[in-house]
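For reference, the structure discussed in these notes is given below.
Number of protein chains: 4
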Amino acid sequence: MQRRAFLIACSSGAVALAHSFSAFAQSAGTLVEDLVAGNRILAMEGVLDAMGHISVRHSTRQDRFLLARSMAPELVTAADILEYDLDGNAIDARDRTSYLERFIHSEIYRVRPDVRAIVHCHTASLIPFADSDVPLRAMYHMAAFVAEGVPVFDIRAAAGLTDLLVRDAALGKALAKSLGQKPAALMRGHGAVVVAGSIPNVVGRSIYLDVNAKAQAQAIALGGKITYVGADEAKLRMSDTNEYSRAWDLWKRKVSR
Amino acid sequence: MQRRAFLIACSSGAVALAHSFSAFAQSAGTLVEDLVAGNRILAMEGVLDAMGHISVRHSTRQDRFLLARSMAPELVTAADILEYDLDGNAIDARDRTSYLERFIHSEIYRVRPDVRAIVHCHTASLIPFADSDVPLRAMYHMAAFVAEGVPVFDIRAAAGLTDLLVRDAALGKALAKSLGQKPAALMRGHGAVVVAGSIPNVVGRSIYLDVNAKAQAQAIALGGKITYVGADEAKLRMSDTNEYSRAWDLWKRKVSR
Amino acid sequence: MQRRAFLIACSSGAVALAHSFSAFAQSAGTLVEDLVAGNRILAMEGVLDAMGHISVRHSTRQDRFLLARSMAPELVTAADILEYDLDGNAIDARDRTSYLERFIHSEIYRVRPDVRAIVHCHTASLIPFADSDVPLRAMYHMAAFVAEGVPVFDIRAAAGLTDLLVRDAALGKALAKSLGQKPAALMRGHGAVVVAGSIPNVVGRSIYLDVNAKAQAQAIALGGKITYVGADEAKLRMSDTNEYSRAWDLWKRKVSR
Amino acid sequence: MQRRAFLIACSSGAVALAHSFSAFAQSAGTLVEDLVAGNRILAMEGVLDAMGHISVRHSTRQDRFLLARSMAPELVTAADILEYDLDGNAIDARDRTSYLERFIHSEIYRVRPDVRAIVHCHTASLIPFADSDVPLRAMYHMAAFVAEGVPVFDIRAAAGLTDLLVRDAALGKALAKSLGQKPAALMRGHGAVVVAGSIPNVVGRSIYLDVNAKAQAQAIALGGKITYVGADEAKLRMSDTNEYSRAWDLWKRKVSR
Chain A
-17 MQRRAFLIAC
-7 SSGAVALAHS
3 FSAFAQSAGT
13 LVEDLVAGNR
23 ILAMEGVLDA
33 MGHISVRHST
43 RQDRFLLARS
53 MAPELVTAAD
63 ILEYDLDGNA
73 IDARDRTSYL
83 ERFIHSEIYR
93 VRPDVRAIVH
103 CHTASLIPFA
113 DSDVPLRAMY
123 HMAAFVAEGV
133 PVFDIRAAAG
143 LTDLLVRDAA
153 LGKALAKSLG
163 QKPAALMRGH
173 GAVVVAGSIP
183 NVVGRSIYLD
193 VNAKAQAQAI
203 ALGGKITYVG
213 ADEAKLRMSD
223 TNEYSRAWDL
233 WKRKVSR
Chain B
-17 MQRRAFLIAC
-7 SSGAVALAHS
3 FSAFAQSAGT
13 LVEDLVAGNR
23 ILAMEGVLDA
33 MGHISVRHST
43 RQDRFLLARS
53 MAPELVTAAD
63 ILEYDLDGNA
73 IDARDRTSYL
83 ERFIHSEIYR
93 VRPDVRAIVH
103 CHTASLIPFA
113 DSDVPLRAMY
123 HMAAFVAEGV
133 PVFDIRAAAG
143 LTDLLVRDAA
153 LGKALAKSLG
163 QKPAALMRGH
173 GAVVVAGSIP
183 NVVGRSIYLD
193 VNAKAQAQAI
203 ALGGKITYVG
213 ADEAKLRMSD
223 TNEYSRAWDL
233 WKRKVSR
Chain C
-17 MQRRAFLIAC
-7 SSGAVALAHS
3 FSAFAQSAGT
13 LVEDLVAGNR
23 ILAMEGVLDA
33 MGHISVRHST
43 RQDRFLLARS
53 MAPELVTAAD
63 ILEYDLDGNA
73 IDARDRTSYL
83 ERFIHSEIYR
93 VRPDVRAIVH
103 CHTASLIPFA
113 DSDVPLRAMY
123 HMAAFVAEGV
133 PVFDIRAAAG
143 LTDLLVRDAA
153 LGKALAKSLG
163 QKPAALMRGH
173 GAVVVAGSIP
183 NVVGRSIYLD
193 VNAKAQAQAI
203 ALGGKITYVG
213 ADEAKLRMSD
223 TNEYSRAWDL
233 WKRKVSR
Chain D
-17 MQRRAFLIAC
-7 SSGAVALAHS
3 FSAFAQSAGT
13 LVEDLVAGNR
23 ILAMEGVLDA
33 MGHISVRHST
43 RQDRFLLARS
53 MAPELVTAAD
63 ILEYDLDGNA
73 IDARDRTSYL
83 ERFIHSEIYR
93 VRPDVRAIVH
103 CHTASLIPFA
113 DSDVPLRAMY
123 HMAAFVAEGV
133 PVFDIRAAAG
143 LTDLLVRDAA
153 LGKALAKSLG
163 QKPAALMRGH
173 GAVVVAGSIP
183 NVVGRSIYLD
193 VNAKAQAQAI
203 ALGGKITYVG
213 ADEAKLRMSD
223 TNEYSRAWDL
233 WKRKVSR
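Protein chains in written order, with this note's numbering: chain A, -17 to 239; chain B, -17 to 239; chain C, -17 to 239; chain D, -17 to 239.
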């Protein structure tokens, strides 16, 4: 996609959204543009393949969030972004299909007012940890948030026999409960959910969670004693709330080419 | 290859095929186009290199299947697709060479009426499991079918000393027997065969079998206790017979660029 | 970036620098061009992502060094190169932001007169060794310098609780002390620093340190007895001070396309 | 490089060579074109980086071989190909520099009349095996030749303290002795040498030796019992002397684009 086409797609899509939203703040154009960029960045970096999704909380309404219609992330344009309420209902679907697992987003937004952006992914490096009793640990400053703990959500423990998908609000609530106040949770036999206070941060966390998982697996294979990032060190590091801004600028530039 | 050139190649090839086939259903054009796309997708995703093949059962004749002439999958066009009977004979070869191992396809189609598409591959991630007594297990919902079991075909156990290739109908029958009613079988010292009810599904299974093998190897290396996807969970998940449709649309779009 | 655009960017940037530098030697143009190329090569090869940096000592003033303003390495042009003194002060910043961790460079240049170029990186393959008590060892002649030893700098041992970043001169001094006379040091929970007598050599060392780490991890996983490159063999090999010149020419050509 | 430019470069280079060779057979043009393609294929596939080389025995003179001048393999054109005698002397160097390690080629051609093409590489996947006492074993039919055995050449055992490079005829002889009648040898702390009866076969063997090494390392990490390809199976498989022809056609087409 040409940069110009990307910008046009974003701005025209934002206009369409502005018309359909009841109360849409000035920053909505940027938010939609960033959500489109986030979709494409996560695909470019291999965190998402044809599946998985990224959402952002509405800029002015705490009880709404934005999420693409059901489609492959790397193809998302602004015109594909829908608005949802916290029950997972699309406000103005106009025949556009919703992701089956949108309840992952709605139920986390409901109970985590601090969360403004969510990624649900099936990143290959995370699956071994999602299925194992070896916990993810923070390997370096770029993934310091891992030191806060990444619980594993076992859908069978929460809801008995399922097809592993978070198909309804009850399953979404169970996942949100497992997540608690943590920055991410693994989902046994499925993938992960990552949360943050902004699109750049949730994208950055998702990308570096992938790097961290690979590095940790490699460190374990070395067979020596491992010193992980301490919770105290991580806490200091995380006080920088723009930690992924330089990376975000680069990633956004790349998907805009 | 330009998208337009791809579409022209597909449609003109389909026309040529339509003329040469005795009874060719309306959906044949789509089937050939999908088979061409399947070849290119599997090459793009690294499941196939210069070797390996994908076939589809004829849309109206249960005793026929379509398979490219002997060539590298990523170069296949519609004009390269041949029709075969269940003895592995090309119907209208016109001097085009057949894959030596076409009997993998013919003998599985013979005994598995439910199978409509087959991939034979040498994917690097599968070779360690093909040579090992550690069985493949299902790591996540995208490869839930693995929970049905992936047997290993040891050609020496079936046929004594060979050059490891499935060169004739007898070896194809032995492989089909090892496969049984399963969705895939590993081939010791060689690779794998994957089967499904459609081209999108056999392509999806082949791609996620690769991801699953890498994830399982990584999980084992972590050294902890692993909880694999349960057979009951997998069964529920597999009731969705279009599970790879979103991915298929993306992959097809990519190889059509 | 087109090759022509790259060359223009380099030469015009060099002109601008020549004007702003008090004493700028004839080779400065080449030095800036090589520093720009080094930034892009390290990004191309995956040694640096959006973070990390490469610097070079000033061609005529031992107490000065050149380093890009705070930005992603793969976007650096000659106009982004700043000059610093050994206290980490930019000589002519003109509103351009400096890297927070520039003290890594300044304090090493201060105590290592033999060092003319420095890379600070977070390469994923190095993190497992940075966090582990398994030392890096030299696997082959391309990374023979590893045989001199690669110490681990643990910032907590040196300075107690920090956010893991080398934010000031005191932390830079502590890192330089850990490095000692070695060609590289790992940084626990963070990454690594690599030093050499020229830009091509520090780039070559950084790239092959990455390859070496992966190869060593793989060798350990094989479970057999490993014979590393001997210190005596490495010493002989390192007597070739242009060991990466052929690689440098290729890399530079690639980023100039 | 455009396909047309590639073909022109090849043919004009071949003409130049034809003039400078004392006795140059009709097939020389093809041989030079294939040697250029082999250089570029091995770089494209990651078997060679900026270092390493591929040679071919002269088509009519058993005591001569062709090898590029000292340069990065992916940049080689027909005009860069030199002719050498079995003492490693360039016949008509005209100021072009020779690879330091050309004695790897000359001494193997001297004692192995069956060998018509040689690759010397530092492929990362081979280094762990080159430094380990765990022997390479054949994982699948695409690398069946590994079943013949891949000895390890330890230059220290042969020649005491060196800088690890095969700098002269004596070291080349020692390597050739370690290789014996095998298809490949690993070089401790350095890389490997692969031999075959043709350029396509030596390129194919080099590429699949890389795949095989990765697959074997992965199989070992699984921790189960491994059944390698038997020597008897490999012997049958290797009776097909054109086993890599389909792959070669694809690779050559790719580097000619």
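C-beta: ideal position from N, C-alpha, C; glycine also.
Query                                                                                                                              : Result
At least 3 beta-carbon pairs within less than 8 Å: the segment 124 to 142 of chain D vs the segment 180 to 192 of chain D          : yes
Val116/A - DSSP class collapsed to helix/strand/coil                                                                               : coil
Any chain A beta carbon closer than 8 Å to Arg219/B                                                                                : yes
Contacts around Ser88/C, its chain only, beta-carbon distance under 8 Å, and the 5 residues preceding and following it disregarded : Phe47, Tyr66, Asp67, Leu68, Asp69, Gly70, Ala151, Gly154
At least three beta-carbon pairs within less than 8 Å, the segment 221 to 238 of chain D to the segment 135 to 143 of chain B      : no
Contact set for Leu64/C: own chain, Cβ-Cβ below 8 Å, skip 5 residues either direction                                              : Leu48, Leu49, Ala50, Arg51, Ala72, Ile73, Asp74, Ala75, Arg78, Ser80
Those residues which DSSP pairs with Ser37/A across a bridge                                                                       : Leu49/A, Ile100/A
C-beta neighbour in chain E for Asp145/A, strict 8 Å                                                                               : Among the protein chains in the structure shown, which are A, B, C and D, there is no chain E.
Amino acids of chain A, ordered along the chain, whose beta-carbon sits closer than 7 Å to that of Ile86/B                         : Within chain A, no residue comes near Ile86/B; the closest Cβ sits about 28 Å away, beyond 7 Å.
Uninterrupted beta strand (DSSP E) stretches inside the segment 44 to 91 of chain B (no shorter than 3 residues)                   : 46 to 50, 63 to 67
Host beta strand (DSSP E) of Met220/C (start-end)                                                                                  : Looking at the DSSP string, Met220/C is not in any beta strand (DSSP E); the run it does join, the alpha helix (DSSP H), is 213 to 220.
Cβ-Cβ distance between Leu168/D and Ala112/D below 8 Å                                                                             : yes
Members of the segment 100 to 132 of chain A that neighbour chain B once the beta carbon cut-off is set at 8 Å                     : His104, Ala106, Ser107, Ile109, Pro110, Phe111, Ala112, Asp113, Ser114, Asp115, Val116
Meets three-Cβ-pair contact criterion under 8 Å: the segment 23 to 41 of chain C and the segment 92 to 106 of chain C              : yes
Inter-residue Cα distance where the pair is Leu17/A and Ser37/A                                                                    : 7 Å
Near-chain D residues of the segment 158 to 186 of chain C - C-beta to any C-beta below 7 Å                                        : none
Per DSSP, the bridge partner or partners of Val237/A                                                                               : None, per the DSSP bridge assignment.
Leu147/C beta carbon less than 8 Å from that of His123/A                                                                           : yes
With 16 other Cβ atoms within 10 Å as the buried cut-off, status of Ser4/A                                                         : Note that Ser4/A scores 33 on pLDDT, short of 50, meaning its location in the model is unreliable; the coordinates nonetheless yield the value given after this. Looking at its Cβ environment, which holds fewer than 16 other Cβ atoms inside 10 Å, Ser4/A is exposed.
Burial state of Asp45/C (16 or more Cβ within 10 Å)                                                                                : exposed
is_contact[Ala50/B, chain D] using C-beta, thresh 8 Å                                                                              : no
Test: Gln8/C CB closer than 8 Å to a CB of chain A                                                                                 : Low local confidence applies: a pLDDT of 39 at Gln8/C is under 50, so the model's placement there is unreliable, with the coordinate-based value given in what follows. Output row for Gln8/C: interface = no.
Beta-carbon proximity check, Ala120/A vs Pro110/C, cutoff 8 Å                                                                      : no
First and last residue of the uninterrupted alpha helix (DSSP H) at Leu143/A                                                       : Neither: Leu143/A is in no alpha helix (DSSP H) and is coded neither H nor E.
Alpha-carbon to alpha-carbon, Asn224/C and Arg22/D                                                                                 : 24 Å
Straight-line gap, Pro182/B to Ile100/A (C-alpha atoms, nearest Å)                                                                 : 30 Å
Where Gly173/D sits in the DSSP three-state scheme                                                                                 : strand
Continuous alpha helix (DSSP H) stretch holding Val193/A: start and end                                                            : 181 to 204
Pro165/D burial status per 10 Å Cβ neighbour count (16 or more: buried)                                                            : buried
Cα-Cα separation, Ile90/D to Asp136/C                                                                                              : 49 Å
Extent of the continuous alpha helix (DSSP H) to which Gly162/C belongs                                                            : Neither: Gly162/C is in no alpha helix (DSSP H) and is coded neither H nor E.
Cα-Cα separation, Glu27/D to Ala195/D                                                                                              : 15 Å
Beta-carbon proximity check, Ser114/A vs Ile208/B, cutoff 8 Å                                                                      : yes
For Pro117/A and Pro133/A, the rounded distance between their alpha carbons                                                        : 8 Å
Within 8 Å of chain A by C-beta, residues of the segment 20 to 41 of chain C in sequence order                                     : Asp31, Ala32, Met33
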